[in-house]
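For reference, the structure is listed below as structure tokens.
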Amino acid sequence: MNKRGLTAREIIITLLAIVGFVIVLFFVFAFNIEQRSQEEICRISVLKRGSVFESTQAYIPLQCTTKKICLSLGDKCDEQFLGEDSINEDVSSPTNEQSAKKIEKISAEEMYNCWSIMGEGKLNLFADKFEFNLKDISDFLKLEERAPKCVICSRIALSPELKKRTNVEKKDILDLVDVNNYLQTELVPGSTKTYINTFTDRQVNAFPAEVRAKFNQPDNQKKGTDEIAYIFTQLKTAEDPATAAMNGATIAGGFLFGGTYSLGMLGKAISHPIISGIVGTVAIGGTAGLRALGAYNDQQVSAGHCGTYTQVSEDKAKYGCSFVMPVDYNNVEFINNLCSGGIEGNP
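Number 331 marks the last residue of the sequence shown (our numbering); no jumps.
Here is the structure:
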């Protein structure tokens, strides 16, 4: 080993870290970061971490604070957010259909915002300190994966008055909520593409009939929750999972998936051992619907992206998969398993 070369490399990395720190200070003082929204602060920290060497990323904290939203009919979500800063979204409307539409809009926007702010799954965001002696190890473990790490982008809770609506037999507000349909038909704000068009890199325009049918299968008729969390999770792999899953074809991009289906060219990548390991945990039993009591009729899809991460040039490319998914926030065990590598930011 060339010890002098290694020392020189460490010096260069240290200098880059110092330069990065100075740039952060510039943002703080020149642009008065305190006056920026939490989402802007998070986005800046994500861009900073994603634009430096992996070996220095751990020194740049993700300043992402979980957004807490209360869906209500004029009341509050004290049970879930007592003592915490939260946003009250009153979904009261002249008709239940209009109220349901508001819930769909908020849910879709939070899913997209999480995906967008965290770099659309294309940035390498989670690294350990001082990996110099570990890099060669991964070459011997072709299917090695690091434990997934997470950021909880937002939590959406149902107020007591809104939860009561599930006790009546007739179709009420929550019975009319169909987030998947909203993702298929509505445009991302400021864009000419629908949500599913955006999540799948234009690969998918609509859910096939057989997939829509699966939303209503008996296996999907499970109890929901009074609070969901949109979680961004990322795991690293020693090889390009997309290329491996597609028999050597170089394909990268986004896809949507649920309990038993996937959409998009990269949907086949779910058959790869690395990807199936995490996707299996977010099958029907893992993802959540906005339902407080009783059954929910649509299992909300999750978004994924697999391939080579965009990053500052280093010894070799970094590979992995990133996901944004709606999860039952009350299921602590599931979240701990999903985020076995840890949760960053301020949940």
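Glycine included, every Cβ here is placed at the ideal spot set by N, Cα and C. Since this is a predicted model, take the numbers as computed values, not measurements.
Delimiting residues of the beta strand (DSSP E) encompassing residue i
i: Y214; result: 211 to 221
i: L142; result: 133 to 142
i: C290; result: 286 to 292
i: N108; result: Note, N108: premise wrong, no beta strand (DSSP E); not H, not E.
Identity of the residue in the options nearest residue i by Cα
i: M332; options: T294, L322, V311; result: This structure leaves residue 332 out entirely; the chain is present only between -15 and 331.
i: T50; options: D69, Q168, T40; result: D69
Per-residue burial, residue i [other beta carbons within 10 Å of its own, 16 or more giving buried]
i: D312; result: buried
i: E328; result: buried
i: G67; result: exposed
i: L31; result: exposed
i: I71; result: exposed
i: E88; result: buried
i: G58; result: exposed
i: D350; result: Because the chain is modelled from -15 through 331, residue 350 falls outside the range shown and cannot be assessed.
i: G326; result: exposed
i: G291; result: buried
Nearest-angstrom Cα separation, counted from residue j out to residue i
i: W99; j: P132; result: 16 Å
i: S83; j: T178; result: 21 Å
i: E104; j: N181; result: 13 Å
i: Y96; j: A42; result: 26 Å
i: D162; j: F216; result: 22 Å
i: R139; j: V75; result: 16 Å
i: K52; j: L171; result: 24 Å
i: P45; j: N80; result: 43 Å
i: F307; j: K148; result: 32 Å
i: S56; j: K302; result: 43 Å
i: L160; j: V316; result: 28 Å
i: T40; j: Y214; result: 27 Å
Pair within 8 Å by beta-carbon distance, residue i and residue j
i: T184; j: G304; result: no
i: A141; j: E38; result: no
i: H289; j: K106; result: yes
i: Q47; j: S35; result: no
i: V285; j: N164; result: yes
i: C54; j: E73; result: yes
i: I157; j: L146; result: yes
i: C134; j: C323; result: yes
i: P335; j: I212; result: Only positions -15 to 331 of the chain appear in the structure, and residue 335 is not among them; the question remains open.
Delimiting residues of the alpha helix (DSSP H) encompassing residue i
i: G34; result: 22 to 34
i: S306; result: Not the alpha helix (DSSP H): S306 falls in the beta strand (DSSP E), residues 303 to 312.
i: E317; result: 316 to 322
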